[in-house]
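Contents: one structure, followed by commentary.
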Amino acid sequence: MADIIQLLPDHVANQIAAGEVVQRPASVVKELLENAIDAKATNIKLLVKDAGKTLIQVIDNGCGMSVTDARLSFERHATSKIRSADDLFQLNTKGFRGEALASIAAIAHVELKSKQEVDDVGTHLVIEGSKVVSQEVTVTPIGTSIAVKNLFFNIPARRNFLKSNQVEFRHITDEFQRVAMAHPNVTFLLIHNGSELFNLPASNFRQRIVNIFGSKTNEKLVPVNEDTEVLKISGFVGKPEFAKKTRGEQFFFVNNRFIKSGYLNHAINAAFEGLLKDGTHASYFLNLDVPPETIDINIHPTKTEIKFDDEHTLYAIIRSAVKHSLGQFNIAPILDFERDANLDTPYGYKNKHAETPKIEVDRSFNPFQDKANSGKQQPASLKPKPSSSWESLYVDLESKGNSKQELSNFDDIQFESTTKTSSLFEENTVEKSKTTFQLHNKYVISTIKSGMLVLDQNKAHQRVLYENYLQQLTLKESVSQQLLFPVLLNFSAHEIDIIKQVKDDLEHTGFIFSKFEKDAVEISGVPINVPESEVNDVLEQVINDIQNDVPDSHFSAMDLLAKSMAKSLAIKTGQLLSNSEQEHLVNSLFACKEPNMSPNNKTTFITLSVDELDKKFN
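Written out as structure tokens, the structure is:
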């Protein structure tokens, strides 16, 4: 039998490896930014077009590459980060696998310009699908500029599976923010389709967080610092009152590398236990410095998963450090058995000296002296008045001047009647029978001809609101409630950009935007059924849904907006409803065009016939 096993060609092997390394344009951004960091760059620019599908370009002022290094960097398993297997446990760089550039070059058009400080001229390299098209000498500044064009040009199936531009750019923004926060001493610039979104100067960690997430973030941060032999923690956690419904602002950095860890995230939640509302998540930005030999990064090509030698100790330290910070800054109550708050001196009396109280004594007071013989006379108001017997009230009425003639004069006086006259129509004589009942503040039960109707109040109200908002968006007819005082809401620059994209659709639902700023938006009017206190939650839900799944067509975008607003404003599970509200919900649901399903295709109600109930008892 002939031999059937053979080595794959390099370009095929590179495309296979690219499936793990390059999952979407954000993966390319991550690899290129980390290479720039490893090159000791202090100024990094990221230029993106069409959410990275057309162009991703990273320009840095790092050490640059020689002619040989520039050519060799696109070979598989070629790297300057490690020399032997032992170096895997002493990593101080972002990359070490030597796969990123080779994988990117296999599925895109790559153009590289690089120059070292000692060289007079640089290198210009053009690669298309792992094939070197040209290599020339060029004039370029010190550092490296690498442009990735037409991503997945030779793998159309992968390109078709990419999401919309808004979703892909959200992933790019996430990767950019993670690298930028891990290295606050580096200047970063992000430009998308010619517009500047982020311009982050070199600063400290707190200022970098504020520059990314908006100026109002500064007042939300609580410092966390802990230094032990096992772990050094520095960073910030958000105050409980500013917790969000999404997990967007949760960052762990281990040795300046962003990681994802559900186990360590649970430690943060344990520290915030009892301080957060249901359904909200605390924000945190924590740097963890651990000895490199105690972690293993070589788990996945994305390098966001890390194995720790002793996770239980890290869990305990992180939980106690965060809890201590919350107590230290009076965010959470603390127990101190050596201190009694009742004994604290008020601030206004802090510098005053204690004075001896003045006591007045009545030296003439004698508790054994008889009151009758006492020289002092009781006040007239305190003297008991002699009371006559009750029989005297009914004796000698005529002698006291109450003659029959005088009594007859009372006939002309009209006295107020004490008898209660009943009205012609008694109130509440016929009590209205209840047709609906609420079970566990979650389900509304109503009777129908064939049996019983059980309705999920949250999903049913979502369907009612969804059709109302969709009608307002398509017909462009809305009713708005003007606010007495405009509401100023703070968002990041990227979130403000998303609100601007759907501004017209939001206005058709009833929102009125009076002002847009760099990191804030002012609202002067809201839809008539949206409480002012929930405006921020509604817009956060809209932004989150748009970031995750916004379609390209305009009608689908309106559909998503209607779903998002219905989801955030619908009656919540656990909310008590009156009888009239229950009946109105049932009637409104069956007035909808599609009452059977919620906007997210979940069942809104079920029916139980009398026959089905009879079978249960038989």
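FYI, the working numbering numbers position 52 of the sequence shown as 47, with every residue one higher than the one before it. Beta carbons are placed, not taken as given, at the ideal position from N, Cα and C, and that holds for glycine.
Any C-beta of chain B under 7 Å from that of residue i
i	result
residue 313	Given the protein chain composition of this structure (a single chain), no chain B is represented.
For residue j and residue i, the rounded distance between their alpha carbons
i	j	result
residue 40	residue 187	11 Å
residue 38	residue 172	15 Å
residue 493	residue 440	41 Å
residue 230	residue 601	50 Å
residue 30	residue 140	11 Å
residue 25	residue 587	47 Å
residue 142	residue 238	39 Å
residue 258	residue 285	17 Å
residue 203	residue 182	10 Å
residue 8	residue 102	12 Å
residue 610	residue 454	29 Å
residue 160	residue 498	18 Å
residue 128	residue 64	17 Å
residue 241	residue 487	14 Å
residue 3	residue 123	19 Å
residue 612	residue 436	26 Å
residue 96	residue 252	19 Å
residue 260	residue 226	16 Å
residue 360	residue 354	15 Å
residue 35	residue 180	11 Å
residue 517	residue 491	11 Å
residue 48	residue 256	30 Å
residue 467	residue 560	12 Å
residue 693	residue 567	The structure shown does not extend to residue 693, since the chain is modelled only from -4 to 613, so the question has no answer here.
residue 539	residue 207	17 Å
Beta-carbon proximity of residue i to residue j, cut-off 7 Å
i	j	result
residue 232	residue 217	yes
residue 146	residue 20	yes
residue 528	residue 519	no
residue 254	residue 299	yes
residue 164	residue 46	yes
residue 438	residue 594	no
residue 108	residue 50	no
residue 313	residue 262	yes
residue 59	residue 111	yes
residue 523	residue 474	yes
residue 57	residue 138	yes
residue 304	residue 289	yes
residue 23	residue 17	yes
residue 521	residue 530	yes
Spatial neighbours of residue i in its chain, beta-carbon cut-off 6 Å, leaving aside the 5 residues before and after
i	result
residue 248	177 and 282
residue 62	118
residue 458	587, 593 and 599
Any non-hydrogen atom of the ligand NAD closer than 6 Å to residue i Cβ
i	result
residue 496	Here there are no bound small molecules, and the ligand NAD is not part of this structure.
Assigned secondary structure, residue i (DSSP; H/G/I helix, E/B strand, else coil)
i	result
residue 612	helix
residue 3	coil
residue 377	Low per-residue confidence applies at residue 377: pLDDT is 49, beneath 50, and the placement is therefore not dependable enough to give any value.
residue 462	helix
residue 61	coil
residue 163	helix
residue 19	coil
residue 224	coil
residue 284	strand
residue 247	strand
residue 620	Any question about residue 620 goes unanswered here, given that the chain covers just -4 to 613.
residue 47	helix
residue 112	coil
residue 449	strand
residue 533	helix
residue 355	coil
Beta-carbon proximity list for residue i, same chain, < 7 Å, skipping 5 on both sides
i	result
residue 489	168 and 192
residue 398	Only weak support exists for where residue 398 lies, its pLDDT of 49 falling under 50; the value from the coordinates is given anyway. Result list for residue 398: empty, nothing under 7 Å.
residue 604	445 and 446
residue 570	436
residue 126	none
residue 485	209, 211, 514 and 515
residue 166	19 and 21
Same chain, Cβ closer than 8 Å to residue i, five either side skipped, listed in chain order
i	result
residue 134	116 and 117
residue 28	39, 41, 53, 170, 171 and 174
residue 132	116, 117, 118 and 119
residue 496	161 and 541
residue 465	553, 554 and 557
residue 215	233, 234, 237 and 278
> Would the segment 449 to 461 and the segment 576 to 588 be scored as touching if the rule is three or more Cβ pairs under 8 Å?
Replying inline: yes
>> For the segment 500 to 513 against the segment 554 to 565, do three or more pairs of beta-carbon atoms, one drawn from each stretch, fall closer than 8 Å, so that the two count as touching?
In response: With the rule of 3 Cβ pairs closer than 8 Å, the segment 500 to 513 counts as touching the segment 554 to 565.
> Any chance the segment 209 to 228 sits against the segment 307 to 321, with 3 or more Cβ pairs inside 8 Å?
Replying inline: yes
> Is the segment 60 to 73 close to the segment 146 to 159, with three or more CB pairs under 8 Å?
Replying inline: The answer is no - the segment 146 to 159 does not touch the segment 60 to 73, with fewer than three Cβ pairs under 8 Å.
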